[in-house]
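Going letter by letter, the sequence shown gives residues 662 to 760 in my numbering.
All residues carry an ideal CB built from backbone N, CA and C; glycine is no exception.
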Amino acid sequence: MESMASLETIIIDEEQVQEQNIALASSNSLVVIPEDDYKWNKYGQRYIKSLQKNRSYFRCVYNICKARKKVDWPPNEPNNLDISYEGDHNHGALAADHS
Numbered sequence: 662m663e664s665m666a667s668l669e670t671i672i673i674d675e676e677q678v679q680e681q682n683i684a685l686a687s688s689n690s691l692v693v694i695p696e697d698d699y700k701w702n703k704y705g706q707r708y709i710k711s712l713q714k715n716r717s718y719f720r721c722v723y724n725i726c727k728a729r730k731k732v733d734w735p736p737n738e739p740n741n742l743d744i745s746y747e748g749d750h751n752h753g754a755l756a757a758d759h760s
């Protein structure tokens with residue numbers, strides 16, 4: 662069983678990875694997601710069996726914005742990203758400055 666200190670370290674490390682728009686692939690290799698003009702919060706990740714791909718889910722940081730982003734990649738090709746967007750942002754671009 663892991664100690665409380667190591668569990669806290671794992672949580673902090675996961676938060677840092679999330680803040681940098683980096684998804685952790687099932688093979689434990691990092692997948693770097695390219696920046697765009699908006700800031701996103703990751704809210705989930707799963708393996709899509711029918712597509713044989715990993716998928717990460719993101720939503721815009723603005724609470725009233727309904728824009729979503731999905732990033733798919735094959736487990737053995739972490740640099741082969743397929744990025745799709747759903748919905749429109751109801752605010753200006755360059756939201757990356759928003760905290």
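Can you round the beta-carbon distance between residue 709 and residue 720 to whole angstroms, since I take them to be within the 8 Å contact cut? Incorrect: roughly 18 Å between the Cβ atoms, too far for contact.
Helix, strand or coil, according to DSSP, for residue 722 in the structure here? coil
DSSP has residue 747 in a bridge; who is on the other side? 729
In angstroms with no decimal places, state the Cα-to-Cα distance between residue 744 and residue 704. 16 Å
Residue range of the beta strand (DSSP E) that includes residue 700: Premise fails: residue 700 is in no beta strand (DSSP E) and is neither H nor E.
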